[in-house]
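Numbering (UniProt numbering), first residue to last: 1 to 111. Comments concern the structure below.
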């Protein structure tokens, strides 16, 4: 017989990959998945929304989506969007040329 916690753990599906979209509703022109724990830079110009997954990490875990409008190399932060990964669609301006995810809060903008 399975314990209640084992059953709950089996039914919870965690996802750690965000997807960027061409529209404002996270429906059209989806990108490949970008792992929230990978701080690398990725060029995704012209994106208008990002789906942030529910990664199953406790609600105290924060991330920052570092947004750069200047170049496709994440050389500065034009905007920082701080969030908890609990499954939602976030609208983007469409002006950014590159993004990266970092754990914890956002720093000051420096572009």
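We treat Cβ as the ideally placed atom computed from N, Cα and C, and that holds for glycine.
Find out if the Cβ-Cβ distance for the pair residue i, residue j is shorter than 8 Å.
{"i": "residue 25", "j": "residue 53", "result": "no"}
{"i": "residue 23", "j": "residue 45", "result": "no"}
{"i": "residue 29", "j": "residue 21", "result": "yes"}
{"i": "residue 64", "j": "residue 94", "result": "no"}
Determine the closest residue to residue i out of the options, with distance taken between C-alpha atoms.
{"i": "residue 77", "options": "22, 33, 109 and 55", "result": "109"}
{"i": "residue 173", "options": "42, 81 and 86", "result": "Here the chain covers residues 1 to 111 and nothing more, so residue 173 does not appear."}
{"i": "residue 49", "options": "75, 70 and 96", "result": "96"}
{"i": "residue 43", "options": "37, 36, 51 and 31", "result": "31"}
{"i": "residue 79", "options": "35, 88 and 66", "result": "66"}
When burial is assigned at 16 or more other CB atoms within 10 Å of the CB, is residue i buried or exposed?
{"i": "residue 19", "result": "buried"}
{"i": "residue 102", "result": "buried"}
{"i": "residue 91", "result": "exposed"}
{"i": "residue 68", "result": "buried"}
{"i": "residue 111", "result": "exposed"}
{"i": "residue 38", "result": "exposed"}
{"i": "residue 27", "result": "exposed"}
{"i": "residue 8", "result": "Only weak support is given to the placement of residue 8: the predicted model assigns it a pLDDT of 37, under 50, and the question is left unresolved by the model."}
For my contact list, residue i and residue j are in at a C-beta cut-off of 8 Å; report their separation, rounded to the angstrom.
{"i": "residue 99", "j": "residue 84", "result": "In fact, because the Cβ distance is near 18 Å, the residues do not count as touching under 8 Å."}
{"i": "residue 74", "j": "residue 106", "result": "With 8 Å as the limit, residue 74 and residue 106 do not qualify as a contact, their Cβ atoms being about 13 Å apart."}
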